[in-house]
Amino acid sequence: MADMFYVGAYWGPRAESANECAQRLTLCLSRLGAAHPALATWFRKGKSKSAASGNPVATSVDALETMLTGGRNRVDTDGRVISELGFRVSLWNKNPVAVSFSTTCGASPATSSVKNYFAMELPEPVGAAAELYDSGIAKSVFCSVVEAWDPQWATFASYSMRAAQERNPGGPIAGWMTYVSGARKSVAAEFPGLSVEDFSGGTLLVAGPNPLHVSDSHLSSVVEFLSRV
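For what it's worth, the working numbering labels the leading residue of the sequence shown as 9, then goes sequentially.
Put into structure tokens, the structure is as follows:
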């Protein structure tokens with residue numbers, strides 16, 4: 009079985025309205041669709057693939073605002089909206105190149121146990137799905153997510169990459185591509201194997217030319233870089 013990857017973007021408390029979150033999600037989905045056709049159409053999830061809606065969801069700001077509003081957390085006893093927990097939505101592409109995503113946005117809880125995030129599960133890099141791992145397409149996908157959500161950090165990583173790193177709750181996970189908001193390139197010269205560039209108000213690191221062939225040394229360099237910023 010080939011290694012599976014995910015794209016994850018994470019940020020702390022940021023109170024935003026359903027409309028503001030919908031604007032971000034609309035931008036994200038528009039750019040993902042431009043990056044690859046398999047990411048252009050999305051469907052509601054069901055308890056099974058056959059139970060999921062047969063009609064694609066509209067990705068206009070108004071339509072996504074309605075969907076996000078319907079995904080609010082509520083108190084079990086009286087149905088009252090828990091506004092500080094923000095909005096949630098999960099969709100999948102109902103495509104042979106199977107991709108799904110979920111997000112919690114607009115949350116500003118007092119506890120750190122609830123975080124804002126956008127996470128997209130990618131299929132195994134085999135057959136037609138291997139196109140998503142073309143370096144140009146993969147970078148477009150990753151940058152689309154970062155620019156739309158303005159996270160504190162983001163990663164394009166395999167699950168084995170994540171498992172190989174020491175647990176750092178809430179901290180960045182090193183991947184083939186890693187983004188850190190507000191970081192700078194001051195220590196980049198110490199890591200000649202990495203591509204390090206300013207991007208979207210932060211720093212973008214790329215560990216080699218191919219996401220499917222990241223060396224242990226390159227991944228270790230990203231981990232070390234992140235420990236210094």
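Don't be surprised by glycine CBs; every beta carbon is placed ideally from N, CA and C.
At the C-beta level, PRO159 and ASN103 stay beyond 9 Å of one another. In the three-state DSSP reduction, ASN124 falls in the strand class (E or B).
Secondary-structure assignment with DSSP links TYR141 through no beta bridge to anything. Boundaries for THR67: no beta strand (DSSP E) harbours it, and the DSSP string shows neither H nor E there. Within 10 angstroms of the beta-carbon of ALA17 lie 16 or more other beta-carbons, which makes it buried. The stretch 154 to 202 is shown to contain whole beta strand (DSSP E) runs of 3 or more residues at 161 to 166, 185 to 189, in chain order. According to the DSSP assignment, LEU130 belongs to no beta strand (DSSP E), since it is labelled neither H nor E. Under the three-state reduction of DSSP output, SER116 falls in the coil class, being neither helix nor strand. Sixteen is the threshold: when 16 or more other Cβ atoms of the shown chains lie within 10 Å of the Cβ of HIS226, as they do, the residue is buried. The beta carbon of VAL107 is closer than 8 Å to those of ALA46, LEU47, TRP100, ASN101, MET128, GLU129, LEU130, PRO131, LEU140 in its chain, skipping five residues each way along the sequence. Between GLY179 and TRP161, the C-beta gap is smaller than 9 Å, which places the two residues in contact. If you look at VAL214, you'll find it isn't in any alpha helix (DSSP H); it sits in the beta strand (DSSP E) that goes 210 to 214.
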